[in-house]
Structures are given as structure tokens and as C-alpha cells.
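Residue numbers (the working numbering), protein chains in the order written: chain A, 30 to 400; chain B, -5 to 639.
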Amino acid sequence: MTATTDPAAVAATDTESRLDARPRRGGGTGTPTLGVNHLWKVFGPAEHKLIGTPDVDLARDELRRKTGSMIAIRDVSFQVWPGEVFVVMGLSGSGKSTLVRCITRLIEPTAGEVLLDGDDIRKANAEKLRELRRRRFSMVFQHFGLLPHRRVLDNVAYPLEIRGEEKAARYKRAHEMIELVGLKGHADSYPDQLSGGMQQRVGLARALAVDPEVMLFDEPFSALDPLIRRDMQNEVMRLHREVGKTMVFITHDLAEALRLGDHIVIMRDGKVVQSGRPEELVGAPADDYVADFVRDVPKANVLTLRWVMRPVMPDDALDGPEFPATTIIRRSLHAAIETDKPLRVVEDGRLIGVVDRWHILAAIAGGEREA
Amino acid sequence: MTAITAPAASGLDPRTARRLVYLAMAAAAAVLYLVLAGQSTLPHDEEYPLFGSLNGVKAWVDEHRNSILVFSLIREGVGGLVGFFENVIAALGWPGVLAATGALGAIFGGWRLAVMTMLGMAAIGLLGLWTSGMDTLAQMLAAVVIALLIGIPLGIIGGRSKRFAAVVTPILDVMQIMPTFAYLAPLTLLFSIGVSTAAIATLIYAIPPAIRITALGIRAVPDASVEAAQSLGSTRWQVLRKVQLPLARRTIGIGVNQTIMMALSMVVITAVIGAPGLGADVLRALQQVNVGLAFQAGLAIVILAIVLDRLTDRAGEWMDPRFRKTDANKARRRLLYLAALGTVVAATLLARGLPDPAEFPEAVKLSLVAPVNDVIKWITTNFGEGTASIKDAFSVVLLNPLEGVLTSAPWWLVIGVVLALAWLISGVRASVVAGVCLVLVVLLGLWEHGMQTLASVLIATALTLILGGILGILSARHDRFRTILRPILDAAQTMPAFVYLIPAVALFSPSRFTAIVAALVYAIPPVIRLVDVGIRTVPATIVEAATAAGSTSRQLLWKVQLPLSRRALLVAANQGIVMVLAMVVVGALVGAGALGYDVIAGFAQGEDFGKGLAAGTAIVLLGIMLDRITQGAGGRPSTEVARGG
Ligand SMILES: Nc1ncnc2c1ncn2[C@@H]1O[C@H](COP(=O)(O)OP(=O)(O)OP(=O)(O)O)[C@@H](O)[C@H]1O
Ligand SMILES: [Mg+2]
């Protein structure tokens, strides 16, 4: 098999290019685009009585029996920085959809803060909230959420229509968006005349038409078959490159999370169990739950040299090839084969460690064996 | 309860034990009846004081009616709207009305529908019933317009607010089980008799489907569409106007159709409170026992019903927002609208040239009275003895004994038995409601009449369930049979209740039995449909598994399909009872007597008003009692399945 047709290799290339293009998170300065602080959502009659009582620590079933309520989001905090693709991952029922809906208050959070550029969305009145939804957020849904009685064009123009834009202007913008997502020529079709993948492109175009600051995706591709899903992921990556929106992306598919995410949080039963860059999750799973998730990931495609290097020993040969610490392991394979010396790992021009050839081979072999 | 568990401890299996208890209870009731029959009965008393007091109330209201502003406003307003439609129809003249129905037919469904509807309307004219038909149409239109103006907004609120729906649904449920007649008595008290009151009764009767089905349509809009619209910052109003209403339009169209059919069915019944129209023609003919005349007017009602049903049914499709897709289509449609409008205007102008455009030309009249009466005469001479002996046998074997038992038993024993039955079938709450209803009937002074009506209702219901059940099972198990039955059922359900009296009276002449026959014919179609649906919705996998286990088709039916569709069967029973009750009361017009007769007499004679109002109330009480008893076990029948689905 050649490198270009091997899906694993393709995946590796995609991931690498994403990782290379990744902006540095925050850097300790400025405000995050989106800040979620100590967010809670409780469903049920005890919604406003539960938090702060010892009952929150009850097991799910017991809590339901005692109070008839369930905690869908418990004390979740995270920051999303400008231009970042922020992925929330977890199994079914872990509270992902609830979380993303709490961000725009489609579901009213029970407690906590949601800050957009530092302003608390929970304090917004109905009108301000509508303004936010009309201009600064937009959302793409798992089941598309298209309006079946409107043509594609009118679906894409809908958000512009409801904020009162002129017909000519909104159709112009809608046509541009339709073209941007590759649906030129389908503007007059009705949603049910399109395939699932095309329908979700309409959903994307509609979300883009708003020209929002933050795009929210709730498992947008789960309903699509795997080939189309890959296509759509590429589409999102391309759009992200072209329009550079901040994105919050919900998925239950680890491969998707690793391909798209600059930063990933993993949720379980409404709690964040780990938060970090893709290679942090794969290299250092926080618990068995995460470890289970990442077990089958080809590690060499995700991890960087930093994860396999060791400190320099006095008797190491220091004339081997030199690589930055952020290099994906698989990329150093060629060099490792051509030399018998350890690879030197540098950061900011400083030597911070070395990697033995067999570590690289083992990482790659390990990934392949398990795959 | 302890009585039931005690024998179980002593080794009897609890089911047998329970059966023994039931048997003992039945035996006790029988013994009590044998010993006490004839004691503490409540024979009918024309001079019961309550009737007189109600007459007093009526006299007072009559005197002060015009000074109560709300009532006169409503009365004038509704009457004004009826007048408006009468004027429009008169101005169009018969050519204009024909052209207008044709134009609507062409717009909604194409030329074929146009021809059909025009032929239908022309047939009413040919039968010599044009004026009556137009009276009925005007009253119905006025009632429908108001019913929709009230019903659709309420339905929208109900579709969007769970709390509102929770308040309204039980009210609608009660309205739905009320026999048509029951609306009339209190309304005549408030508004006196006449066209306005007829339209008011009609609109009240027709509002529930408008509310229910609109709410249903709004609720059926996919959450995903609504949520997406919200996520983009739509206001509540925008969500309603741009998402929910367009997507619910098709369903609301069905609601309009149902509202119109209900209104038509009621508007002909309002003949008994003095509204002119086709219903009055039927009523007059029935009073003269002129079957040919009644048949002719009944036929006109059926034709009007079919025309309206077809038109509104296709109008629903036409309203579906995806129906008119392409732009080329749009241009053609615009042309069609213009042509339609042009035709109506031309026909109306043409009508101006006629001597009396509001009356269909005498020259082309076609009377069915004589031929139908000849047929009837032939039937009576040849089969008269046969039908008479069926009727007599039925009265002697079934009706008289049951009436006898119910009226000669001590009243408290009857109530006790009903309480026990209600408890067994539907639990404590139904039992309490049933008891309260019966005690109220006693207090209304109509026990004997109530028991007579109850006897008819019980027998008619039993027959309805047996016949409807058999036909329903056949229809569920034989596709061929179903294909034949289906159009008949569809037609039967678009026909107003009134019409069913005519064939019954033709065969059996006025009697209690005739009313029961009419009730059977009226109530069987929905029962067939519900039984059929119930059996057919038993999951195919279960049927397959049972067949694979080697069940014969009889075993399959008795051990799998019927038990699994128990709920649907109970719903069918409930629906059957409600419809039978409605019809047995209307049957007073063909000799049913008892409560129904009291109600009608109350409209006709001033001094009987009090008794009529009390009888109307008693009918409602019996209806609620029967509904509660069957409904607790079965759940609420859905209007959709029962009526059209
Ligand atoms: N409106 C609601 N009322 C009560 N419970 C709810 C409601 N919405 C969600 N839940 C519960 O909250 C929990 C989290 O649901 P959520 O839809 O957020 O999960 P999810 O991670 O998106 O799952 P999936 O992958 O299946 O979409 C679930 O247990 C769900 O049953
Ligand atoms: Mg979800």
C-alpha cells in the first residue's frame, strides 16, 4: 500500500496539518471568546433546590428516586480561545447536547456563568439574547433542523430574514454561502430532495450566513455515513481555514475529535473528566474511561516527539538529526531509519531531550498492532 | 378486597375466587330485585315541581332577555353574519353559486372536482330544494366562520402551551360526548329559538375539532425545526408565523374540514328549534310520515355534505406549502384564479337578467317523492309483516323486559348495581361519577324516562358492538372485504346523523325499535374502523411468532390479536356508546319517546320547556356516566381515528 491510499496515513497527514496550524491557546493574555464557569444543569422538579446540597453526590438512580431529577451538567468549566476548534466528546447521554444548548440558552442553565468575550450571557434579557443568537452565535444540528417548507435558498436566508435584512441583500449572501459549501445549482431545491450530506451543507451554509463569532456544532455528522462524514469533516476544516471562525464541536467519535480538535474535553455523566490537546489525551489519559476511548488510536499519528523523548545521558551521541518537540512521531520515521543515532529534540533552539530509534519504531508498531 | 383474598388463602386460586364473588353479588342483586320489584320505583310525574320552576326561570329570562346586553349582542352578531351570507348567496343567484363552487373546485382540485361539485349543487336545485339548501349553507357558513375564528387561535395556543392544553382538553372531552340535542335546550333558554340560536348551537358544537386538530398540527411540527429557528434568534411570533403555521397548515386544513362536517351535521338538527333549511324539510316530512319527502331532503343533505367534504379535503392539500413548487406553475395558477373569478362575476351578472335568480328554475325540477313513496308502499305491502314481526319480536324479547326491569326495580338497587359495575370496569372514580349522575337524574324527576332511554341505549350499544365487532374483525383479517367496506364507511361518516333516520323509518315506521336501528347504522361504522385499526396494529412480529408456534387462525384471533387490541376495543365501545346515545335521542323524531321526546316537546310547547331542559340535562348525565364507565378502562378515543383516519 502506498502512503497516499492508506487511510491511516491520510488521517495522519490531516492531523499533522491541523496540529501545525494550531494557534497557541490563550497564552495567558486576553479574554477567551467563550468562557464557561461552574455550569450546572439539573432537569426535574428539584432543579433549583439541588445544588449545594449533599444530594448532588448521589448516584444517578438514587438521585432520581429521591428527587425525581437528574443532573445533566455538573460543574463544568472551560475556555475557548479565538479561532480555536474546541471539541466536546463523550458517550451518548453524557450531556453534550445539553451543554451546547446551555451556551445559547436554548436550554436554560441552572447555575454558573457563560461568558462571551467576557459578558455573561445568562444576564442577557430576551431581546439581547435574541440579538446574540442572530449575530454572534450560530448552530448546526445533528438532524439538520432545516425548514422543510422552504427552498434551500430560503433556508439559508432565514436568519437574515428574521433580523430584517432586505430581500436582495439576503439572497445575495445566501447564494454566496450556498456556493461556499458547494451546493451551487441547488438553491431552488427543497430539503427533502437532497441527500443527508447535502442537507447538512445547507445547515452549514445557514450557520455561516449569520457571519457569527462562534459556531456551535451538535454532532453534525453523526447521521451521515462514514465516507460522507469524512467529506464533511474536510469541508469544516476547509471552512475553518477560510473563514477562521471559533468553533465548538460536539461529537462522540474520537477519530473526528482528533482530526478536528485543537482542544478536546471529554465528558462523562455531565462532568469533564479530561481536558487537553489531542496528544495529551492520547499520551496521558486521565482515567480508565479516557484510556478506553483512546486505546485503539494509532499513537504515532497523534503523539509528538515530546511524548517519547528521554533526558540526555552523558554518553549519548549528539550528532543525530534534529527535530522540534512538536513533531508528530510518524514524521520522524524516515530520519530514524536512516541514522543509528538518537534523534535530538529541540524547543526554542534548546536541546531538551533525545529519542532512541527503537522508541519511534515501537510507537509506530504499537499503534499498528492494536489497530 | 379482603373478601377476595380470603378464599385464596384457603386454597382456591384467586381468579376463581373473584369470579365466585362476582357471581354472589349478581345473585344478591337478582334476589333483591325479585323480592323488592315494584317498590320504591319513581314513576314519571308530569307535575314534578322542578319543571314548573324551570318554566318560571324561562319566563323570567324571556322577559329580561333584551336587557341583558351580552346575550342580545351575541344573538344579533351571529344573526347578522347568517344574514350576510344569505345576502351574498342571494346576490350571486343560483348561477353565481354554481359558478363559485365550480371555481373553488377548479382551484383546489382541477376540472374534475369542479364538475363534480357543480353537478352536486345543481342536483340540490333539481330536487326543488335550492332555497332550503342555501338556508342551510348560510347558517353553516356563519357558524363555521365563527368557530374557526375562535377555534384556530385557541388551537394554536393549545399547541404551544402545555398548561393551556391541560385546561382545555377535559372541557373538549366533555363537549365531544354531549349529544347534539343537549346543546339546544340551554341555548334556547338564553337566546330563545330561531336562526341565531341555531347558528350558535352549531358553532359551539363545531369548535372542538377546530381546536383539537389545530393544536395537534402545531404540536406535530418537528422540534428540530422549531429549535433551529430559535437558535437563530427568531422571536416567538416569527417561530409561529414562519415555521409552525406553515408546517401545520395541512393539518389545520383537516381541522377545517372536520369543523365544516360537524357544523353541517348540527345545522340540520337545529330544525327542531325552528331554523329553516334542509333539516326543517326532513323534520316536517318525518312528522307527516312522508318518507319520499324526507328521503329527498335527506339526499340533498348528503349531496351537500359530499360536496363540502370533497372541496375542503382538496383545499387542505392545496394549502400545503409544498404543493405549489415551481414558478411556471405559479404563472398558470394566477391565470386560473383570474379565470375562476371571471366566471363567477360573469355568472352573477347573468343572474341579474333572470326574473328570480335566488330560486332555481321551476322548469327543471325532478321530484323523487312519488317514486320513493311507491317503493316504500311496495316494501310495506310485500315485507310489511316481516318487518313488523321483527319489530314486535325485538320489543317483546329484548326491549320490554329490560325497560321493565330498569323501571320496576327500586331506584337505589339500580344505582347500586351501576356503582358496582362501574367500579369493576373502571375503578372508584368512575363509580363515584356514575353514582352522582344517576342521583341527579333522580333529582331531575326523570328517573322512569331516563331508565327507558337507558334501556334503548344499552341494547343498541350491545348490538352495535356485536355487529361492529364482527365486521371489524372481518375487515382486519380480509383485505378484500376491507377494500369493499372502506368507501362505504367513508361515505357513512360524512353523513349527518339526521339522515340515518330516514331509511330506518322507511322500513319500520316510527317506533322505539326504529330509533335503535338508526342508532345502529349511525354508530357501527366508527366501531368497525376502530376494531379494524386495533387488530391491524398488533405488531407483525408477534403475529408472526404466534403463527410460527403453530396457532390456527382462530387461536391467533382469540389468543393474540383480540387480547392485544383490548385497548382499541374498549375505545370502540366507548365511541359506540357516545354515538348511540346521540342517535337514540335524535330518534325521538321517529318514535323513540322518553327523554328525547321530552326534549323535543320542550322546544315545541312553552309549557313543556322545563321538562325539556331537565331531560336535556338528564341525557348529558347519562352520557357522562356511560362515557366514564367505559372510558376509564379504554382511554379517550381519538377523534382522528374515529372520524376519518
Ligand atoms: N429536557 C430534558 N428533560 C429531562 N432530561 C433530559 C432532558 N434533556 C436531556 N436530558 C437528559 O440529560 C442527559 C444528557 O442528555 P444529552 O442529550 O445532553 O446527552 P448527549 O451527550 O447529547 O447524548 P447523545 O450523544 O445521545 O446526543 C440524558 O440522560 C438525558 O436523558
Ligand atoms: Mg446529543
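Here a beta-carbon is modelled for each residue, glycine too, at the ideal position from N, C-alpha and C.
Since residue i meets chain A, which of its residues come closer than 7 Å, beta carbon to beta carbon?
| i | result |
| --- | --- |
| Glu311(B) | Per Cβ cutoff of 7 Å: no residues; Glu311(B) is ~14 Å from chain A at best. |
| Val237(B) | Leu176 |
| Ala214(B) | What Ala214(B) touches in chain A: nothing, since even the nearest Cβ is about 12 Å away. |
Measuring alpha carbon to alpha carbon, tell me which residue in the options is nearest residue i.
| i | options | result |
| --- | --- | --- |
| Asp291(A) | Val114(A), Leu63(A), Asp369(A) and Met266(A) | Val114(A) |
| Ala640(B) | Gly604(B), Pro395(B) and Ile522(B) | Nothing in the structure corresponds to residue 640(B), since chain B is present only between -5 and 639. |
| Val129(A) | Leu245(A), Glu376(A) and Thr368(A) | Leu245(A) |
| Ser34(B) | Gly606(B), Ala403(B) and Asp473(B) | Ala403(B) |
| Ala424(B) | Val109(B), Gln625(B) and Ala214(B) | Gln625(B) |
| Val139(B) | Ala209(B), Ile151(B) and Leu258(B) | Leu258(B) |
| Phe175(B) | Val433(B), Val580(B) and Ile248(B) | Val580(B) |
| Glu57(B) | Gly347(B), Lys553(B), Leu183(B) and Glu353(B) | Leu183(B) |
| Glu379(B) | Trp312(B), Phe502(B), Ile267(B) and Asp350(B) | Phe502(B) |
| Pro147(B) | Ser190(B), Gly103(B) and Ile205(B) | Ile205(B) |
| Phe388(B) | Leu432(B), Gly444(B) and Ala449(B) | Ala449(B) |
| Lys52(B) | Met619(B), Ile246(B), Phe597(B) and Asp621(B) | Phe597(B) |
| Val412(B) | Pro180(B), Leu616(B), Leu197(B) and Ile62(B) | Leu616(B) |
| Pro43(B) | Leu438(B), Val499(B), Arg59(B) and Gly114(B) | Leu438(B) |
| Arg327(B) | Ala341(B), Val285(B) and Trp312(B) | Trp312(B) |
| Met296(A) | Val117(A), Arg93(A), Asp104(A) and His67(A) | Val117(A) |
| Gly263(A) | Ala286(A), His281(A), Pro241(A) and Asp247(A) | First, the amino acid is wrong: residue 263(A) is Asn here, not Gly. Of the listed residues, the one whose Cα sits closest to Asn263(A) is Ala286(A). |
For residue i, which of helix, strand or coil comes out of DSSP?
| i | result |
| --- | --- |
| Asp148(A) | strand |
| His215(A) | coil |
| Lys157(A) | helix |
| Leu63(A) | strand |
| Phe354(B) | coil |
| Pro353(A) | strand |
| Ile279(A) | strand |
| Trp69(A) | strand |
| Trp387(A) | helix |
| Ile594(B) | helix |
| Leu120(A) | coil |
| Arg297(A) | strand |
| Ala101(A) | strand |
| Gly193(A) | coil |
| Ala11(B) | helix |
| Ser304(A) | strand |
| Ser251(A) | coil |
| Leu175(A) | coil |
| Ala392(A) | helix |
Could you tell me which chain A residues have their CB closer than 9 Å to the CB of residue i, listed as they occur along the chain?
| i | result |
| --- | --- |
| Ala218(B) | Phe170, Gln171, His172, Phe173, Gly174 and Leu175 |
| Leu241(B) | Leu176, Pro177 and His178 |
So which residues of chain B does residue i contact, with C-beta pairs closer than 8 Å?
| i | result |
| --- | --- |
| Pro188(A) | Leu226 and Gly227 |
| Glu160(A) | Gly227 |
| Ser439(A) | Past the boundaries of the shown model lies residue 439(A); chain A is included only from 30 to 400, so the question cannot be answered. |
| Thr133(A) | Ser225 |
| Val210(A) | Simply none; closest approach about 16 Å. |
| Val65(A) | Simply none; closest approach about 17 Å. |
| Val239(A) | Leu226 |
Going along chain B, which residues have a C-beta under 7 Å from residue i?
| i | result |
| --- | --- |
| Arg230(A) | Those do not exist, as Arg230(A) stays about 15 Å from chain B at its closest Cβ, beyond 7 Å. |
Please compile the residues from chain A whose C-beta is within a distance smaller than 8 Å of the C-beta of residue i.
| i | result |
| --- | --- |
| Met232(B) | The sequence given here places Gln at residue 232(B); Met does not occur at that position. Within chain A, the residues near Gln232(B) are Ile191. |
| Ala640(B) | Here chain B comprises residues numbered -5 to 639, so residue 640(B) is not present and cannot be evaluated. |
Starting from the beta carbon of residue i, find every residue of chain B whose beta carbon is closer than 9 Å, and list them in chain order.
| i | result |
| --- | --- |
| Arg163(A) | Leu226, Gly227 and Ser228 |
Cβ closer than 8 Å: which chain E residues qualify as neighbours of residue i?
| i | result |
| --- | --- |
| Glu70(B) | You won't find chain E in this structure, because its protein chains are A and B. |
Chain-ordered list of residues that sit, by beta carbon, closer than 7 Å to a heavy atom of ligand 2: Output, sorted by chain position: Lys125(A), Ser126(A), Gln171(A), Asp247(A), Glu248(A) and Ile279(A).
Ranges of the alpha helix (DSSP H) found wholly within the stretch 513 to 580 of chain B, counting only runs of at least 4: 534 to 542 and 560 to 580
Residue ranges of each beta strand (DSSP E) within the stretch 426 to 480 of chain B, 3 or longer: none
Those runs of the alpha helix (DSSP H) which lie wholly inside the stretch 96 to 125 of chain B and span at least 4 residues: 105 to 120
Whole runs of the alpha helix (DSSP H) within the stretch 354 to 391 of chain B, excluding any shorter than 4 residues: Counting only runs of 4 or more residues that sit fully inside the stretch 354 to 391 of chain B, the alpha helix (DSSP H) segments are 363 to 388, in chain order.
Ordered list of beta strand (DSSP E) runs contained in the stretch 177 to 257 of chain B, each at least 3 residues: none
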